[in-house]
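Input: a single structure, listed below in C-alpha cells.
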Ligand SMILES: Cc1cc2nc3c(=O)[nH]c(=O)nc-3n(C[C@H](O)[C@H](O)[C@H](O)COP(=O)(O)OP(=O)(O)OC[C@H]3O[C@@H](n4cnc5c(N)ncnc54)[C@H](O)[C@@H]3O)c2cc1C
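Numbering (the numbering used here), first residue to last: 9 to 434.
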C-alpha cells in the first residue's frame with residue numbers, strides 16, 4: 009500500500025509519520041526546498057531600512073527565501089512558507105488548542121492534542137525572560153480583568169537565545185518544527201522528495217491513481233493525502249477538477265506599533281503572553297514584517313519600537329484559483345471588529361507607559377485553512393464527503409472556521425486523526 013503525502017508542514021509530516029508507523033509505504037512530495045534560518049544580526053539592516061531601500065513586503069524572501077507573500081485584496085497580505093517543514097518553520101512556537109469550530113461539528117480531538125503536546129514538549133517563557141515593558145503590559149491586562157496568561161510554546165527555553173526572530177526560523181534549533189516528525193518517518197522507510205510541487209491528482213474511474221508533478225512527471229500511488237495547506241490543497245483540487253470550498257480563512261493579525269526609548273522588545277520570545285477576548289487574542293509582538301517593510305513604521309528604530317497584536321477570527325470568505333492566486337476581501341464587519349480590538353490594545357500599551365504615535369502595522373494572515381471544511385457527516389470517517397474515496401486531506405483545510413488562535417497543534421491533530429481513520433479502513 010503506497011500513500012502519496014503532498015506537503016511536509018504540520019499536517020503532512022504528522023500524517024507521514026502516522027501512516028509509516030501503520031506500515032504504509034509513504035512518499036512525501038514537497039514543493040519547497042531545504043530551509044535556512046536567518047542567522048545574521050537584523051540590526052545591520054537598520055540604515056537601509058530607514059532609508060526605505062528594503063523595498064516592499066514581497067522582498068521578505070531576500071531574508072528568508074521560503075517566505076511567500078501575496079495580496080489577497082488591497083487590504084490583506086497573506087503569508088506562508090514553502091519549504092520542507094512548511095509554515096511550522098516560521099511560527100512563534102505557540103502551541104494552543106483551537107478547536108471550537110470542531111467541537112461544534114462533534115469532533116473531539118482531546119486525545120490527539122494530548123499526544124502531540126507530549127511529543128513536541130510544551131513550556132512557557134519564564135517571566136524573568138520577558139522585557140520589563142511586556143511585564144508591565146501583562147500587569148495592565150491583569151488589572152483590567154482581561155485574564156492574560158503565559159503562552160504555551162514548543163520551545164526548549166534552555167536553548168532559546170531570546171533573539172525574538174522565531175518567524176525567520178530558529179537559529180539555535182530550540183523551536184519544534186515538523187521536520188522532527190519527518191525525520192522519524194524517514195527513519196521508518198518513508199521517502200521525501202523536496203523541490204517537487206504537485207500540480208494535480210490523476211483521477212481514473214472516479215479514484216485517485218496518483219499525482220502529476222508541476223514538471224509533468226507522474227507518480228503512482230494507492231491513495232493521495234493532500235497536506236499542502238489551505239491554499240496549496242485547494243489549488244491542487246481545483247486543477248484536478250474537484251471544487252474546493254470558497255471559505256478560506258487566515259486569522260487576521262494587526263499589530264499596533266508604539267514607541268518606548270530603548271524598550272528592546274525583540275530581546276524576548278514573541279507573544280510570551282496572550283489574553284483571550286471575544287473572537288480575538290491580544291499579545292505583545294514586535295511585528296518584524298511591519299518593521300522591515302511597512303512604510304508608516306519606518307521612522308522608529310528597532311530598539312524603540314514596541315508592538316502588541318490583535319489576532320482576529322475572521323469571516324471565511326477566500327477563494328483559491330488554479331494558479332494559487334487568492335481573492336479574499338476583509339469584510340466591513342471584520343474591519344470594525346479590528347478597529348475596536350486595536351483600540352483596546354492601544355489602551356493597554358498606553359496604560360503601560362508606551363508612547364505614540366500609535367501606528368497600525370500591515371494587516372496580514374498566515375493561518376490558512378477552511379478550503380475543504382469537515383461537516384458533521386464527515387467526523388466519523390474524517391473523509392470530506394466531496395472527495396473521491398481514496399483522496400484524503402490532512403491539514404488545516406479541514407477546519408471549518410477561523411479560530412483567531414495559533415493553529416499548528418490543530419493542523420497536526422486533524423492530520424493524526426485522519427491518518428488513523430485511513431489506517432483503520434485498510
Ligand atoms: C509567520 C507565521 C507565524 C505563525 N506562528 C504560529 C504559531 O506561533 N503557532 C501556531 O500554532 N501557528 C502559527 N502559524 C500558523 C501555522 O504555521 C499553520 O497554520 C500550520 O503550519 C498549518 O499547517 P498545514 O499542514 O495546514 O500547512 P503548512 O504547514 O503550510 O504545510 C503545507 C506544506 O505544503 C507544501 N506545498 C504547498 N503547495 C504544494 C504543492 N503544490 N506540492 C507540494 N507541496 C506543496 C508547502 O511548502 C508546505 O510545506 C504561523 C504561520 C505563519 C505564516
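Where is the CB? At the ideal position from N, CA and C, for every residue including glycine.
Check: residue 236 C-beta below 6 Å from any heavy atom of ligand 1: For this step, residue 236 is matched to residue 228 along the chain shown. For ligand 1, at least one heavy atom lies less than 6 Å from the Cβ of residue 236.
To the nearest angstrom, how far is the alpha carbon of residue 161 from that of residue 416? Locating residue 161 in the chain shown gives position 153, where the first residue counts as 1. Locating residue 416 in the chain shown gives position 408, where the first residue counts as 1. Counting only the Cα atoms, residue 416 lies some 11 Å from residue 161.
Can you list, in chain order, the residues of its chain with a C-beta nearer than 6 Å to that of residue 386? Leave out the 5 residues immediately preceding and following it. On the chain shown, position 378 is the one that residue 386 refers to. Taking residue 386 as the centre and dropping the five residues before and after it, the same chain places the C-beta of 392, 393 closer than 6 Å to its C-beta, in chain order.
I need the DSSP call for residue 240, collapsed to helix, strand or coil. In the chain shown, the residue the question calls residue 240 occupies position 232. Collapsing the DSSP output to three states places residue 240 in a helix.
Is residue 49 helix, strand or coil when you go by DSSP? Looking up residue 49 in the chain shown gives position 41. Reduced to three states, the DSSP call for residue 49 is coil.
Please determine whether the Cβ atom of residue 16 lies at a distance below 6 Å from any heavy atom of ligand 1. Start at 1 with the first residue of the chain shown, and residue 16 comes out as number 8. Under cutoff, so the answer is yes.
Inter-residue spacing [alpha-carbon to alpha-carbon] between residue 442 and residue 365: Here the chain has residues from 9 to 434 only, and residue 442 is not among them.
Sub-7 Å separation of residue 263 and residue 361 beta-carbons: Reading the chain shown from its first residue, position 255 is the one you call residue 263. Reading the chain shown from its first residue, position 353 is the one you call residue 361. Result no, Cβ atoms of residue 263 and residue 361 do not sit closer than 7 Å.
Locate the alpha helix (DSSP H) running through residue 189, then write down its first and last residues. Locating residue 189 in the chain shown gives position 181, counting from the first residue. For residue 189, the uninterrupted alpha helix (DSSP H) run begins and ends at 187-195, by DSSP.
On the DSSP letters alone, give me the boundaries of the beta strand (DSSP E) that residue 26 sits inside. Counting from 1 along the chain shown, the entry for residue 26 is found at position 18. First-last for residue 26: 18-29, but that is the alpha helix (DSSP H), not the beta strand (DSSP E).
Could you tell me which whole beta strand (DSSP E) segments of length 3 or greater appear in the segment 277-348? Within the segment 277-348, the complete beta strand (DSSP E) runs of at least 3 residues fall at 281-284, 288-292, 313-320.
Note down the Cα distance separating residue 248 from residue 395, rounded to an integer number of angstroms. Position 240 of the chain shown, counting from 1, holds the residue named residue 248. Position 387 of the chain shown, counting from 1, holds the residue named residue 395. Their Cα atoms are separated by approximately 11 Å.
Quick test of your reading: residue 294 and residue 371, contact by CB under 8 Å. State the CB separation rounded to the nearest angstrom. For the purposes of this step, residue 294 is taken as residue 286 along the chain shown, with counting starting at 1. For the purposes of this step, residue 371 is taken as residue 363 along the chain shown, with counting starting at 1. The Cβ separation is near 16 Å, so there is no contact.
Own chain residues within Cβ distance below 6 Å of residue 291, not counting five before or after: For the purposes of this step, residue 291 is identified with residue 283 of the chain shown, where counting begins at 1. Only 279, 282, 317 meet the Cβ criterion.
Please classify residue 44 as buried or exposed, where buried requires at least 16 other C-beta atoms within 10 Å of its C-beta. As a first step, residue 44 is located in the chain shown; it is residue number 36 there, counting from the start. Under this definition residue 44 is an exposed residue.
May I ask you to list the residues that DSSP assigns as paired with residue 88? The residue you call residue 88 lines up with position 80 of the chain shown. Bridge partners of residue 88: 76.
Please indicate yes or no: does the CB of residue 414 lie closer than 6 Å to some heavy atom of ligand 1? Within the chain shown, the letter at position 406 stands for residue 414. Checking every heavy atom of ligand 1 against the Cβ of residue 414, one is found closer than 6 Å.
Using the C-alpha atoms, what's the distance from residue 144 back to residue 256? Here the question's residue 256 lines up with position 248 in the chain shown. Here the question's residue 144 lines up with position 136 in the chain shown. In a straight line, the C-alpha of residue 256 is about 36 Å away from that of residue 144.
Taking only three categories from DSSP, how would you classify residue 269? The residue given as residue 269 occupies position 261 in the chain shown. Residue state, collapsed to three classes: coil.
Decide if residue 344 is buried, meaning its Cβ has at least 16 other Cβ atoms within 10 Å, or exposed. Numbered from its first residue, the chain shown carries residue 344 at position 336. With a 10 Å radius around the Cβ and a threshold of 16 neighbouring Cβ atoms, residue 344 comes out exposed.
When you compare each of 121, 355, 173 to residue 265 by their alpha carbons, which one comes out closest? Counting from 1 along the chain shown, the entry for residue 265 is found at position 257. Closest option to residue 265, Cα to Cα, is 355.
Distance, Cα to Cα, residue 130 vs residue 165? The sequence position of residue 130 within the chain shown is 122, counting from 1. The sequence position of residue 165 within the chain shown is 157, counting from 1. For the pair residue 130 and residue 165, the Cα-to-Cα distance works out to about 10 Å.
Please find out if some non-hydrogen atom of ligand 1 comes closer than 6 Å to the beta-carbon of residue 65. The residue labelled residue 65 in the question sits at position 57 within the chain shown. Checking every heavy atom of ligand 1 against the Cβ of residue 65, none is found closer than 6 Å.
For residue 384, count neighbouring C-beta atoms within 10 Å of its own C-beta (all shown protein chains included) and say buried if the count is 16 or more, exposed if not. If you number the chain shown from 1, residue 384 lands on position 376. Result: exposed.
Does residue 43 come out as helix, strand or coil in the three-state DSSP assignment? Taking the first residue of the chain shown as 1, we reach residue 43 at position 35. In the structure shown, the three-state DSSP call for residue 43 is coil.
Are there 16 or more other CB atoms within 10 angstroms of the CB of residue 108, so buried, or fewer, so exposed? For the purposes of this step, residue 108 is taken as residue 100 along the chain shown, with counting starting at 1. Under this definition residue 108 is an exposed residue.
Is it buried or exposed for residue 300, if we count other Cβ within 10 angstroms and need 16 for buried? Taking the chain shown and counting its residues from 1, the one referred to as residue 300 is at position 292. Buried.
For residue 419, verify whether its CB is less than 6 Å away from any heavy atom of ligand 2. For ligand 2, the structure offers nothing, since it holds only ligand 1.
Kindly indicate which residue of 171, 193, 296 has the alpha-carbon position closest to the one of residue 65. Here residue 65 is taken as the residue at index 57 of the chain shown, counted from 1. If you compare the alpha carbons of 171, 193, 296 with that of residue 65, the shortest gap goes to 296.
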